[in-house]
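Below you'll find the structure, written out as structure tokens, and then a few comments.
There are 2 protein chains.
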Amino acid sequence: MAVVVMKFGGTSVANIERIQNVARHVKREVDAGNKVAVVVSAMAGATNQLVDWVRELSPLCDAREYDAVVASGEQVTAGLLAIALQSAGITARSWQGWQIPIRTDATHGAARIAEIDGGRLRARVEQGEVAVVTGFQGIESDHGRIATLGRGGSDTSAVAIAVAIGADVCDIYTDVDGVYTTDPRVVPEAQRIARISYEEMLEMASLGSKVLQTRSVELAMVYGVRLRVLSSFVDPSDLPAVDVGALGDIGTTVCSEDEIVETQVVSGIAFAKDEAKVTILNIEDKPGVAARIFGPLAESSINVDMIVQNVAPDGLHTDMTFTVQAAELPRALKVLERVRADLGEFEIRSSDDVVKVSVIGIGMRSHAGVAAKMFQTLSDKGINILAISTSEIKVSVLINADYAELAVRALHEVYGLDAQ
Amino acid sequence: MAVVVMKFGGTSVANIERIQNVARHVKREVDAGNKVAVVVSAMAGATNQLVDWVRELSPLCDAREYDAVVASGEQVTAGLLAIALQSAGITARSWQGWQIPIRTDATHGAARIAEIDGGRLRARVEQGEVAVVTGFQGIESDHGRIATLGRGGSDTSAVAIAVAIGADVCDIYTDVDGVYTTDPRVVPEAQRIARISYEEMLEMASLGSKVLQTRSVELAMVYGVRLRVLSSFVDPSDLPAVDVGALGDIGTTVCSEDEIVETQVVSGIAFAKDEAKVTILNIEDKPGVAARIFGPLAESSINVDMIVQNVAPDGLHTDMTFTVQAAELPRALKVLERVRADLGEFEIRSSDDVVKVSVIGIGMRSHAGVAAKMFQTLSDKGINILAISTSEIKVSVLINADYAELAVRALHEVYGLDAQ
Numbered sequence: 008m009a010v011v012v013m014k015f016g017g018t019s020v021a022n023i024e025r026i027q028n029v030a031r032h033v034k035r036e037v038d039a040g041n042k043v044a045v046v047v048s049a050m051a052g053a054t055n056q057l058v059d060w061v062r063e064l065s066p067l068c069d070a071r072e073y074d075a076v077v078a079s080g081e082q083v084t085a086g087l088l089a090i091a092l093q094s095a096g097i098t099a100r101s102w103q104g105w106q107i108p109i110r111t112d113a114t115h116g117a118a119r120i121a122e123i124d125g126g127r128l129r130a131r132v133e134q135g136e137v138a139v140v141t142g143f144q145g146i147e148s149d150h151g152r153i154a155t156l157g158r159g160g161s162d163t164s165a166v167a168i169a170v171a172i173g174a175d176v177c178d179i180y181t182d183v184d185g186v187y188t189t190d191p192r193v194v195p196e197a198q199r200i201a202r203i204s205y206e207e208m209l210e211m212a213s214l215g216s217k218v219l220q221t222r223s224v225e226l227a228m229v230y231g232v233r234l235r236v237l238s239s240f241v242d243p244s245d246l247p248a249v250d251v252g253a254l255g256d257i258g259t260t261v262c263s264e265d266e267i268v269e270t271q272v273v274s275g276i277a278f279a280k281d282e283a284k285v286t287i288l289n290i291e292d293k294p295g296v297a298a299r300i301f302g303p304l305a306e307s308s309i310n311v312d313m314i315v316q317n318v319a320p321d322g323l324h325t326d327m328t329f330t331v332q333a334a335e336l337p338r339a340l341k342v343l344e345r346v347r348a349d350l351g352e353f354e355i356r357s358s359d360d361v362v363k364v365s366v367i368g369i370g371m372r373s374h375a376g377v378a379a380k381m382f383q384t385l386s387d388k389g390i391n392i393l394a395i396s397t398s399e400i401k402v403s404v405l406i407n408a409d410y411a412e413l414a415v416r417a418l419h420e421v422y423g424l425d426a427q
Numbered sequence: 008m009a010v011v012v013m014k015f016g017g018t019s020v021a022n023i024e025r026i027q028n029v030a031r032h033v034k035r036e037v038d039a040g041n042k043v044a045v046v047v048s049a050m051a052g053a054t055n056q057l058v059d060w061v062r063e064l065s066p067l068c069d070a071r072e073y074d075a076v077v078a079s080g081e082q083v084t085a086g087l088l089a090i091a092l093q094s095a096g097i098t099a100r101s102w103q104g105w106q107i108p109i110r111t112d113a114t115h116g117a118a119r120i121a122e123i124d125g126g127r128l129r130a131r132v133e134q135g136e137v138a139v140v141t142g143f144q145g146i147e148s149d150h151g152r153i154a155t156l157g158r159g160g161s162d163t164s165a166v167a168i169a170v171a172i173g174a175d176v177c178d179i180y181t182d183v184d185g186v187y188t189t190d191p192r193v194v195p196e197a198q199r200i201a202r203i204s205y206e207e208m209l210e211m212a213s214l215g216s217k218v219l220q221t222r223s224v225e226l227a228m229v230y231g232v233r234l235r236v237l238s239s240f241v242d243p244s245d246l247p248a249v250d251v252g253a254l255g256d257i258g259t260t261v262c263s264e265d266e267i268v269e270t271q272v273v274s275g276i277a278f279a280k281d282e283a284k285v286t287i288l289n290i291e292d293k294p295g296v297a298a299r300i301f302g303p304l305a306e307s308s309i310n311v312d313m314i315v316q317n318v319a320p321d322g323l324h325t326d327m328t329f330t331v332q333a334a335e336l337p338r339a340l341k342v343l344e345r346v347r348a349d350l351g352e353f354e355i356r357s358s359d360d361v362v363k364v365s366v367i368g369i370g371m372r373s374h375a376g377v378a379a380k381m382f383q384t385l386s387d388k389g390i391n392i393l394a395i396s397t398s399e400i401k402v403s404v405l406i407n408a409d410y411a412e413l414a415v416r417a418l419h420e421v422y423g424l425d426a427q
């Protein structure tokens with residue numbers, strides 16, 4: 008017997024037929040004697056419709072009201088799935104965030120879970136009742152208003168519920184059957200990764216892989232929750248019920264490093280197309296200049312990623328290149344215009360015609376030469392590197408967007424990730 | 008300054024444009040210095056979509072889950088209206104049933120309001136904040152689950168909120184500009200009624216007029232809440248703001264009898280097409296036979312309305328005719344089959360090809376001859392009466408559905424209700 012959290016995203020509950028399919032996935036676990044809590048997103052498209060209505064009324068609206076409107080989507084799915092389960096002869100009830108309660112901070116629209124009182128939920132689950140929990144939302148403690156966790160927040164809800172009820176595993180059902188070495192649409196030879204460490208998954212998520220929300224992986228890592236990524240788009244009877252002793256047989260298991268017997272030097276290649284490059288030319292090279300550029304950007308909550316600085320031939324001026332999210336480029340440029348008024352003339356150039364390609368692998372820690380091999384491979388293909396950033400377990404380069412697929416394919420092959 | 012509850016139904020909030028129109032109605036009251044609580048229904052069509060999904064999963068589902076799903080519609084409208092009001096510069100917030108809380112009994116799907124703790128709401132409204140309250144729903148006290156009040160329940164929510172915050176008037180905005188002497192689609196000469204007593208409105212509502220939910224009128228009568236029926240489909244600037252001293256100038260005011268100076272003998276003609284007639288022929292005429300027929304029907308929660316009994320020429324057998332809601336006819340017939348097995352052979356005939364036409368007027372109490380005039384008028388038109396029922400302030404007859412319009416027009420004229 009295992010205690011299992013099963014999370015189903017928007018495409019997995021997009022219509023009544025798919026909700027019935029989810030009910031069959033849950034039934035498989037119940038029939039095997041497992042205790043189950045399910046976390047659901049809104050039906051695909053529902054949240055977008057709600058957001059569109061809100062935006063039509065007011066582009067900058069009260070986030071508390073935004074949350075009250077948008078949270079209704081998960082409420083609908085949770086009730087419908089509870090009914091589908093009952094129709095299949097399973098004892099089940101829906102739980103809304105405020106009913107459990109899932110307490111959050113007051114950052115409406117992007118709230119963080121502060122505390123879950125899982126006692127009542129756990130008792131019901133242990134008695135064999137399936138709990139169907141609304142993802143993406145909780146209740147803000149001070150005023151009792153509904154707060155949502157931001158896009159993709161249902162993954163985080165699922166992990167938090169897994170912590171609260173002491174689940175053995177948190178299975179994230181999605182429209183792919185696991186985490187791949189890279190996007191299979193770009194590299195058909197991409198392979199499913201059977202086991203991946205939290206650290207690697209974190210890098211993957213933050214570097215462009217859309218399978219799991221970054222925050223959910225952080226939370227799983229902190230509390231040691233074993234996460235699995237599975238597909239809901241298979242016949243429910245084709246998947247085995249959860250067996251804690253044999254989790255790694257299907258999907259991708261995200262777990263701690265020491266549970267992975269044979270680590271790869273490189274686990275995967277990620278790429279992110281929503282980057283923009285900003286270059287500042289001919290700025291006076293004196294102490295404090297970087298702080299006077301990046302300080303105002305940080306104050307405006309603009310996340311700066313890769314930074315490269317060159318000294319100009321005259322030794323008095325410098326050039327600086329950095330990246331921001333493409334969506335934040337207009338705001339970043341406005342901030343820089345203000346900085347220019349303060350710092351004196353410099354030239355600003357920007358482009359969102361770039362892509363960040365990253366090589367990720369926990370084995371890098373003990374293997375030299377991973378970065379050198381990356382640079383050599385790109386050089387062999389005639390691809391110019393615009394910026395580089397590294398961490399202990401990844402190397403990222405910024406390149407022209409035209410070369411994205413070429414670079415990803417070449418790197419996937421050179422690190423031995425292509426399927427045999 | 009007045010404290011005003013404004014209730015807007017589904018067609019009044021059917022889309023973003025109409026929600027913005029509602030915001031302008033509210034702004035008119037706020038600008039006049041009135042304190043406002045708004046009660047909203049789900050956007051027209053939203054509840055039907057939710058109910059369809061539930062039915063597709065399970066025709067007979069857990070009413071608690073049904074309620075969790077269906078209540079989401081009002082949550083959306085309340086949030087959207089709060090945003091629209093804020094965009095118009097008005098301080099506003101949405102309130103869900105469980106946040107106030109509106110406590111109900113446990114009859115999910117058709118719950119009754121048990122208690123509203125209006126203190127917090129009243130304080131905020133008195134400070135000038137517009138409260139936008141979800142209609143149709145509350146929270147069931149014992150288990151903290153959402154409970155809905157049944158179709159049309161938002162009218163009842165509005166009256167209950169008016170009681171809880173001590174409002175001066177409860178304005179029900181709908182797609183017509185008041186209560187009419189009869190349906191204007193049938194009788195173009197029908198006139199808007201300026202003032203009508205609770206008792207008459209109750210009869211109108213229960214006899215087929217769809218303007219107000221019966222229960223909301225009962226509640227208003229018990230607590231003496233002045234109700235008005237107004238149209239939201241007019242330019243908000245064309246209506247005057249609430250002035251407690253001059254409520255009767257627009258729409259229809261529903262109030263106590265002693266506030267109506269000049270009462271009509273007959274106030275209106277109602278008709279209900281959703282009736283079905285059941286006739287039982289040749290049943291043995293002995294004591295207790297009626298109880299053995301109507302007892303089982305009552306136990307099955309089937310509401311029997313008009314009852315007529317004739318003694319057959321042999322003196323030993325009797326015929327009985329009664330009406331039920333057309334939707335309940337199949338269930339009623341099943342119950343009668345069981346009764347027949349118990350009571351011995353009798354013949355059952357049924358038809359939903361009937362209509363109940365009612366003449367309503369508080370002045371009947373002091374005027375004889377109202378019923379006689381009704382029967383004579385129908386007789387003059389050659390319309391056969393199938394059954395009759397009367398109360399202190401109404402006379403209802405059951406006739407063949409083919410004659411419905413003819414009967415309503417003739418009665419409307421003969422009681423002097425046609426517009427001059």
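One line per chain: the protein sequences are P and G, in this order. Each residue of the first sequence is one higher than the one before, starting from 8 at the first, in this note's numbering. Each residue of the second sequence is one higher than the one before, starting from 8 at the first, in this note's numbering. Note that CB positions come from ideal geometry on N, CA and C, so glycine has one too.
- Ala117(P): not part of any alpha helix (DSSP H); DSSP gives it neither H nor E.
- Counting of Cβ neighbours within 10 angstroms places Gln82(G) among the buried residues, the total reaching 16 or more.
- Taking CB atoms only, Ser94(P) has a neighbour in chain G less than 8 Å away.
- The closest CA to that of Pro66(P), considering only Met371(G), Ile276(G) and Ile90(G), is found on Ile90(G).
- Under a 10 Å Cβ-count criterion, Thr155(P) is classified as buried, with 16 or more other Cβ atoms of the shown protein chains found around its own Cβ.
- Residue pairing by DSSP places Val76(G) opposite no residue, since no beta bridge is assigned to it.
- Contact check between the segment 10-17 of chain P and the segment 101-120 of chain P: fewer than three CB pairs, one atom from each, fall below 8 Å, which does not count as touching.
- Residues are counted here when their Cβ sits less than 7 Å from a Cβ of chain P; for the segment 140-160 of chain G these are Gly151, given in chain order.
- Residue range Val377 to Asp387 is occupied by the alpha helix (DSSP H) that includes Met381(G).
- Leu393(G) has a beta carbon lying at 8 Å or more from every beta carbon in chain P.
- For Leu57(P), the closest Cβ of chain G is nearer than 8 Å.
- Excluding five sequence positions before and after Asp360(G), the CB atoms of its chain that fall closer than 6 Å to its own CB belong to Ala408, given in chain order.
- No Cβ of chain G is located within less than 8 Å of the beta carbon of Val20(P).
- Taking 8 Å as the upper bound on Cβ-Cβ separation, chain G lies near no residue of the segment 119-131 of chain P.
- Looking at Ala130(G), Gln106(G), Val194(G) and Asn55(G), the one whose alpha-carbon comes closest to that of Ala417(G) is Val194(G).
- Short of 6 Å from the beta carbon of Leu219(G), and not among the five residues preceding or following it, lie these beta carbons of its own chain, in chain order: Asp162 and Ala212.
- When DSSP assignments are scanned along the segment 25-68 of chain G, the uninterrupted stretches of alpha helix (DSSP H) that are 4 or more residues long and fall wholly within it turn out to be 53-64.
- In the same chain as His419(G), and ignoring 5 residues on each side of it, the C-beta atoms closer than 8 Å to its own belong to Thr188, Thr189, Val194, Glu196, Ala197, Ile276 and Asp425, in chain order.
- It is roughly 13 Å from the alpha-carbon of Ala348(G) to the alpha-carbon of Ile355(G).
- At a beta-carbon threshold of 9 Å, the residues of chain P lying near Gln82(G) are Ala75, Val76, Ala78, Ser79, Gln82 and Ile153, ordered along the chain.
- Using a Cβ-Cβ cut-off of 9 Å, Val61(P) is close to Gly86, Leu87 and Ile90 of chain G, given in chain order.
- The continuous alpha helix (DSSP H) containing Ile168(G) extends over residues Gly160 to Ile172.
- Only residues of its own chain outside the window of five on either side were considered, and among them Gly145, Ile146, Gly151 and Ile153 have a CB closer than 8 Å to the CB of Trp105(P), listed in chain order.
- For Ala283(P), there is no enclosing alpha helix (DSSP H); the residue is part of the beta strand (DSSP E) that begins and ends at Gly275 to Glu291.
- Along the length of the segment 315-382 of chain P, whole beta strand (DSSP E) runs at least 3 residues long occupy 324-332 and 354-367, reported in chain order.
- Interface annotation, Ser239(P): not in contact with chain G, CB-CB separation never under 8 Å.
- DSSP, read as helix, strand or coil, puts Ile395(G) in strand.
- With three or more CB-CB distances shorter than 8 Å, the segment 169-187 of chain G counts as touching the segment 117-136 of chain G.
- For Gln106(P), the C-beta contacts it makes with chain G under 8 Å involve Gly151 and Arg152, in order along the chain.
- Flagged as an interface residue toward chain G: Ile23(P), by a C-beta distance shorter than 8 Å.
- Within the DSSP secondary-structure output, Val261(G) pairs in a beta bridge with Ile203(G) and Leu234(G).
- Secondary structure of Tyr422(G) (DSSP, three-state): coil.
- Between Val402(G) and Met381(G), the CB-CB gap stays under 8 Å.
- Within the same chain, and ignoring the five residues on either side of Met208(P) in sequence, the residues whose Cβ sits closer than 6 Å to its Cβ are Val224 and Val261.
- The DSSP-derived three-state label of Ala89(G) is helix.
- Between Val186(G) and Ile168(G), the gap from beta carbon to beta carbon reaches 8 Å or more.
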